[in-house]
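Undergrad:
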Amino acid sequence: MPAALFSSSLLSLPPALSLQKPTPSSSSSSSSSCSLLKLSSRSPPSYNIASFRRRSCASRRFYSPQGDRHPPPFPPLITADPEAKGDAWDPSRHEALLKGGEQVVSLLQEMLKLLEDMEMDEASEPMAVEIVAQGVIGKRVDEMESGFMMALDYMIQIADKDHDEQRKSILEVIKQTVLDHLTKKCPPHVQVIGLLCQTPQKESRHELLRRVAAGGGVFKSENGLKVQLPGANLNDIADQADDLLENMESRPTLPDRKLLARLVLVREEARNMMGGGLLDERNDRGLSTLPEAEVCFGL
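Here the sequence shown stands for residues -18 to -1, 1 to 281, where the numbers follow mature numbering (1 follows the signal peptide of the UniProt record, and there is no 0).
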């Protein structure tokens, strides 16, 4: 279930990671000898927990397809091709959205109950929300329905249409925390594909691939934070991207053209970085059929 949740939300986050090549500096320091991780950051939102609790006592405030007079249309599980016709709402998706919505509401209620018992000022509210989200989601992540992320995205869309930044911010904290938990449960090469799909700059993707192929590690970001990258095999990254592409192309309707294009880039860039002639891992079969003398000469 965690893998299904992660793959369905691969592109649900905005680009959050970019890698830069080191630039020469007059001052010689250890930090200038390696590339820096540049993480996007934004000022933490201000939560008025008491006000938010009063407005969210009824679950229909977050999710009520039958309670609202004019509820927004249900979004598809995966964004469909805009040129496709006859994209009707699947009853199974409707059921998944209902179950996922119930879980989101239950999670929110538990979070708000814990926040009620905490003494905090306005400045400490964002940190308190993140801490509570980590604890509550950590207990539930293995039990989440496949429609959890779909329902969460739906609620975020409603909050955005209502111009309710407070509700939207708390839901986005939940989404970020869920994705963080799911990412940790995925194999390293799957985690890397998720990072690459969120990295728009070509040079940044190449730098990320180089670091991952070298075994990963902990690196210092531009804002002073330490970021850990997993080590992964380039061939595994390329093969996984190819499997995802094959799965997408086998569907009657292309789910997401942007995701398709990014996965193609990930696959080709990982393969190109393996371009080591006879040392290329993709040539194992060819090496086994060559005479030993030619193999030794090539190496």
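C-beta: ideal position from N, C-alpha, C; glycine also. Every value quoted in this text rests on a predicted model; they were computed, and no experiment measured them.
In its own chain, which residues sit with a C-beta less than 7 Å from the C-beta of A141, not counting the 5 before and 5 after it?
TA: The residues are R149, K150, L153.
Undergrad: If L191 and L216 are in contact, beta carbons under 8 Å, what's the gap, nearest whole angstrom?
TA: Between L216 and L191 the Cβ distance is about 7 Å, and since that is below 8 Å, they are a contact.
Undergrad: Indicate the three-state DSSP secondary structure (helix, strand or coil) for G199 in the structure shown.
TA: Of the three classes helix, strand and coil, the one that applies to G199 here is strand, per DSSP.
Undergrad: Residues in its own chain within less than 8 Å of L134 by CB, not counting five upstream and five downstream?
TA: These residues qualify, in order along the chain: G82, V86, L153, I156, K157, V160.
Undergrad: Taking 9 Å as the threshold (C-beta atoms), are K95 and V123 in contact?
TA: Their beta carbons are not under 9 Å apart, which means V123 does not touch K95 by this criterion.
Undergrad: Within 10 Å of its beta-carbon, does V200 have 16 or more other beta-carbons around it, so buried, or fewer, so exposed?
TA: Per the 10 Å Cβ criterion, exposed.
Undergrad: Going by the beta-carbon positions, is the gap between S89 and I119 smaller than 9 Å?
TA: The sequence as given places Leu at residue 89; Ser does not occur at that position. Contact: yes.
Undergrad: On a CA-only basis, which of A220, K184, P182, A243 is nearest M230? Give me that one, please.
TA: Looking at the Cα atoms, A243 is the closest of the given residues.
Undergrad: Quick one: is the Cβ of A115 within less than 8 Å of any heavy atom of the ligand GTP?
TA: Absence of the ligand GTP is noted for the structure shown, with no ligands found whatsoever.
Undergrad: Nearest-angstrom Cα distance between V209 and K202?
TA: Those two C-alpha atoms are separated by around 6 Å.
Undergrad: What span of residues does the alpha helix (DSSP H) with V246 cover, start to end?
TA: Unbroken alpha helix (DSSP H) run through V246: 239 to 255.
Undergrad: Using the Cα positions of D173 and D238, report the straight-line distance between them to the nearest angstrom.
TA: Sequence check: residue 173 is Gln here, not Asp. Computed Cα separation, rounded: 19 Å.
Undergrad: Return the CA-CA distance between H76 and H145, expressed in angstroms with no decimal places.
TA: Distance between the alpha carbons of H76 and H145 is about 25 Å.
Undergrad: Counting only runs of 3+ residues fully inside the region 100 to 139, write out the beta strand (DSSP E) ranges in chain order.
TA: Counting only runs of 3 or more, we get nothing.
Undergrad: Going by the beta-carbon positions, is the gap between A115 and M93 smaller than 9 Å?
TA: The answer is yes: Cβ separation under 9 Å.
Undergrad: In the DSSP assignment, what residue or residues form a beta bridge with Q210?
TA: Partner(s): V200.
Undergrad: Which of the three DSSP states, helix, strand or coil, is assigned to P182?
TA: P182: coil per DSSP, three-state reduction.
Undergrad: Report the residue from D162, G213, M131, S128 whose alpha carbon sits nearest the alpha carbon of E112.
TA: The shortest Cα separation from E112 among D162, G213, M131, S128 belongs to D162.
Undergrad: Out of curiosity, what's the CA-to-CA distance linking H171 and P73?
TA: Taking the straight line from one Cα to the other gives about 34 Å.
Undergrad: Which residues bound the alpha helix (DSSP H) around N215?
TA: From DSSP, N215 is part of no alpha helix (DSSP H); its letter is neither H nor E.
Undergrad: Among residues of its own chain, excluding the 5 on either side of L245, which ones have a beta-carbon nearer than 6 Å to its beta-carbon?
TA: A223, L226, L227.
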